[in-house]
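Undergrad: This structure is in structure tokens; I'll ask about it shortly.
Number of protein chains: 4
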Amino acid sequence: MPLQPKDPAYAERVRTSFDRQAFMATLGARLGRVAPGEVDIELPVRDALTQQHGFVHAGALASVLDSAAGYAAFTLMPAGAAVLSIEFKINMLEPARGSSIVARGRVVRAGRTISVCRADALASENGRETLVATLTGTMMCVEGRGLAG
Amino acid sequence: MPLQPKDPAYAERVRTSFDRQAFMATLGARLGRVAPGEVDIELPVRDALTQQHGFVHAGALASVLDSAAGYAAFTLMPAGAAVLSIEFKINMLEPARGSSIVARGRVVRAGRTISVCRADALASENGRETLVATLTGTMMCVEGRGLAG
Amino acid sequence: MPLQPKDPAYAERVRTSFDRQAFMATLGARLGRVAPGEVDIELPVRDALTQQHGFVHAGALASVLDSAAGYAAFTLMPAGAAVLSIEFKINMLEPARGSSIVARGRVVRAGRTISVCRADALASENGRETLVATLTGTMMCVEGRGLAG
Amino acid sequence: MPLQPKDPAYAERVRTSFDRQAFMATLGARLGRVAPGEVDIELPVRDALTQQHGFVHAGALASVLDSAAGYAAFTLMPAGAAVLSIEFKINMLEPARGSSIVARGRVVRAGRTISVCRADALASENGRETLVATLTGTMMCVEGRGLAG
């Protein structure tokens, strides 16, 4: 499945859009690797993101996984398109703790309107990576509705 | 399906646990109604929660929906138990905007170990409520592993 | 949310399409109530549908829930459109047994391209109904690709 | 993640249980490869499995994907345990057609009580395989409730 970007400026388009997601700044998340069909987002772990047991809240994981999956789909969309999440599902696999999380979004199937993506959250603790959550989601390419990015 | 709390102090237990979810404070979320099998969480909308088009980020919705669903299940768990999210799935129905969101978590089926919950996110805009997202999730009751709340 | 069919012949359109789903005949499923945004499918329980413990297989439940949800969406689509399932998620709530199952599909949000539906499976045993599974799914309206129904 | 079966007779246990799933015989599904954490199920395509456009019904895909995922988890459970599907979610990626489908179930995370699995459905048409659907699901290990397999 060769993933060919329709827009050669895809990476810049992802970075511009990511910078406009105020919620990513609120979380302290940073855009990492951007490649055709692949986007990573890094989330340093801090107390402000935790649930009642001190683990990273499932919603914080969902947030970076959703953005990573959505932007992975966005790399393959044409210039001028916008990406919207239609739905996603997350399985929590292990308590999320450590010094940082990376959310790795990957396109599973890119369609003209609908793309299906996967994203894995890996937690780093003492130099060891653990898969702590996995998402599958459906992303929609929207054109001509006054949205961009 | 009569929902009978096993622990008469269920509401206090939910409030104590919610206050320990630092991520809810980061979002600016507040605990609302707490009843057997039912928990509401209120989220005032502000720029810090938005995605690239100015709507509330799906991850912020997921966060309050997950907590509302988890605490709805927690109201029916015995004293000393902890609640963990195993998985959840969210469908986004409309762009989330307005002045505030309320996440209404409800238990669909309460089991000894596994509970299934639903949660709806309603956005208020100019006095009108719109259903913007809906979650179904599986919550686990954990006892005797050194976790509480 | 008033659900207005665009095609007054919606019910006939559902019945014609259902009759072409050979898999429903293989299962022994029958179309029940058809109303705007609502479709019920009845599944008499028999040994041919069971899993290893004698309960109805989750896949058989998924099959009638998916069709009920898809046809609920289809009632609101224009004449000439086809409906395709994009994704669905099912939670199993109780072992499914008894004399018959009814899958009740309901539209949660009807869009031009994308509709979100819910479907509940209720098992009848000795005159008592139990909710045994619940589905949420995304249905797509396809026009002009040579598909119909 | 080395997947070590607790029961050396795991493969025989899977085969015995599969043979008791009457619904698999109704579908015409056959058990394929069985290895620790991995189970394949083969489904020859025939008219009896189709939806209204002549593709394999999403419910038939869900059925073999759920069984493949559940039995993948079952390979790692102790002797005497039973496996139950708690929930699963499926994304349909392409219309499912061809001469046969293989559902490849794989364990993502094996826990004492809860296991998370993935399963992919690949359709064979003219010697070419296409990924047509993907499932993630949660499987539960049940002991001492009078169930087996």
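Residue numbers (this note's numbering), protein chains in the order written: chain P, 1254 to 1402; chain A, 1254 to 1402; chain L, 1254 to 1402; chain G, 1254 to 1402. Here a beta-carbon is modelled for each residue, glycine too, at the ideal position from N, C-alpha and C. Every value quoted in this text rests on a predicted model; they were computed, and no experiment measured them.
Can you tell which of L:PRO1261, L:ARG1398 and L:ARG1381 has the C-alpha that lies nearest to the C-alpha of L:MET1328?
TA: Contrary to the premise, residue 1328 of chain L reads as Thr rather than Met in this sequence. Closest option to L:THR1328, Cα to Cα, is L:PRO1261.
Undergrad: Let me check one thing: in DSSP terms, what residues is L:LYS1259 bridge-paired to?
TA: Paired residue(s): none; L:LYS1259 is not in a bridge.
Undergrad: Name the chain A residues whose beta carbon is nearer than 8 Å to that of L:LYS1342?
TA: What L:LYS1342 touches in chain A: LYS1342 and THR1389.
Undergrad: Nearest CA to the CA of P:GLU1265: which residue from P:ALA1322, P:ILE1339 and P:ALA1332?
TA: Among P:ALA1322, P:ILE1339 and P:ALA1332, the Cα nearest to that of P:GLU1265 is on P:ALA1332.
Undergrad: Got a sec, what are the start and stop residues for the alpha helix (DSSP H) G:LEU1284 sits in?
TA: Not the alpha helix (DSSP H): G:LEU1284 falls in the beta strand (DSSP E), residues 1283-1288.
Undergrad: Just tell me which of L:ALA1356, L:ARG1381, L:VAL1287 and L:ALA1386 has its CA closest to the CA of L:LEU1296.
TA: Selected option, being the one with the closest Cα: L:ALA1356.
Undergrad: Quick check on the burial criterion: 16 or more other C-beta atoms within 10 angstroms. Buried or exposed for A:GLY1390?
TA: With 16 or more other Cβ atoms within 10 Å, it is buried.
Undergrad: I want to verify the contact list: residues of chain L whose CB lies under 9 Å from the CB of A:LEU1400, in sequence order.
TA: Simply none; closest approach about 24 Å.
Undergrad: Please report the Cβ distance between P:ILE1343 and A:GLU1382, rounded to the nearest whole angstrom; I am assuming they are in contact, meaning their Cβ atoms lie under 8 Å.
TA: Contact flag wrong, Cβ pair sits at about 26 Å.
Undergrad: Using DSSP bridges, identify the partner residues of P:SER1377.
TA: Paired residue(s): P:SER1353 and P:GLU1382.
Undergrad: Could you check how far apart the C-beta atoms of G:GLN1257 and L:PHE1276 are, in whole angstroms? I think they sit under 8 Å.
TA: Between L:PHE1276 and G:GLN1257 the Cβ distance is about 38 Å, and since that is not below 8 Å, they are no contact.
Undergrad: With distances taken between CB atoms, is the gap from L:ASP1293 to L:ALA1321 smaller than 8 Å?
TA: The answer is yes: Cβ separation under 8 Å.
Undergrad: Run through the DSSP bridge pairs and tell me what G:GLY1358 is partnered with.
TA: For G:GLY1358, which the question treats as bridged, DSSP gives the partners G:VAL1292 and G:ALA1372.
Undergrad: L:LEU1346 touches chain A at which residues, Cβ-Cβ below 8 Å?
TA: Simply VAL1361, ARG1362 and VAL1369.
Undergrad: Tell me, please, whether the CB atom of L:ILE1339 is closer than 8 Å to any CB atom in chain P?
TA: Output row for L:ILE1339: interface = yes.
Undergrad: For chain L, check one thing: does any of its Cβ atoms lie closer than 8 Å to the Cβ of G:ARG1273?
TA: Output row for G:ARG1273: interface = yes.
Undergrad: Mark A:SER1270 as exposed unless 16 or more other C-beta atoms lie within 10 angstroms of its C-beta, in which case mark it buried.
TA: Burial call: buried.
Undergrad: To the nearest angstrom, how far is the alpha carbon of G:VAL1298 from that of G:VAL1385?
TA: If you take the alpha carbons of G:VAL1298 and G:VAL1385, they lie about 13 Å apart.
Undergrad: Using a Cβ-Cβ distance cut-off of 8 Å, determine whether L:ASP1293 contacts chain G.
TA: Not closer than 8 Å to any Cβ of chain G, the Cβ of L:ASP1293 fails to qualify, so no.
Undergrad: Note down the Cα distance separating G:ARG1268 from G:ASP1319, rounded to an integer number of angstroms.
TA: Using only the alpha carbons, I get a separation of about 16 Å.
Undergrad: Please list the terminal residues of the continuous beta strand (DSSP E) segment that includes G:MET1345.
TA: Taken as a continuous stretch (DSSP letters only), the beta strand (DSSP E) holding G:MET1345 covers 1335-1345.
Undergrad: Name the two residues that bound the continuous alpha helix (DSSP H) containing G:VAL1317.
TA: Here the alpha helix (DSSP H) through G:VAL1317 covers 1311-1327.
Undergrad: May I have the straight-line CA-CA distance separating G:ALA1326 from A:SER1352, to the nearest angstrom?
TA: Rounded to the nearest angstrom, the two C-alpha atoms are 45 Å apart.
Undergrad: G:LEU1403 and G:LEU1280 look like a contact to me (Cβ under 8 Å); what is the Cβ gap, rounded to whole Å?
TA: Given that chain G is displayed from residue 1254 to residue 1402, the structure contains no residue 1403 of chain G and the question cannot be resolved.
Undergrad: Below 9 Å on C-beta distance, what does G:SER1316 contact in chain L?
TA: Per Cβ cutoff of 9 Å: HIS1310, ALA1311, GLY1312, ALA1313, ALA1315 and SER1316.
Undergrad: Suppose you measure from the CA of G:GLY1402 to the CA of G:ARG1371; what does that come to, to the nearest Å?
TA: When rounded, the distance between both Cα atoms is 20 Å.
Undergrad: Interface residues of chain L around G:SER1353 at Cβ under 7 Å?
TA: Near G:SER1353 there are no residues of chain L at all, since even the closest Cβ is about 16 Å away, more than 7 Å.
Undergrad: Under a Cβ-count criterion, where at least 16 other Cβ atoms within 10 Å of its own Cβ denotes burial, should L:ALA1278 be classed as buried or exposed?
TA: So L:ALA1278 counts as exposed.
Undergrad: Run the CB neighbour count on P:GLY1312, radius 10 Å, all protein chains shown included, and call it buried at 16 or more, exposed below.
TA: P:GLY1312 comes out buried.
Undergrad: Whole-angstrom Cβ separation of L:GLY1290 and L:ARG1359, contact assumed at under 8 Å?
TA: So it is a contact: roughly 6 Å between Cβ atoms.
Undergrad: Can you round the beta-carbon distance between G:ALA1334 and G:VAL1395 to whole angstroms, since I take them to be within the 8 Å contact cut?
TA: Contact flag correct, Cβ pair sits at about 7 Å.
Undergrad: Hey, L:ARG1398 and L:ALA1376 are a contact pair by Cβ (cut 8 Å); roughly how many whole angstroms apart?
TA: Their Cβ separation, rounded to whole angstroms, is 37 Å, which puts L:ARG1398 and L:ALA1376 out of contact at 8 Å.
Undergrad: For P:LEU1337, which residues from the same chain have a beta carbon less than 6 Å from its beta carbon, with the 5 sequence-adjacent residues on both sides left out?
TA: Result list for P:LEU1337: MET1393 and VAL1395, in chain order.
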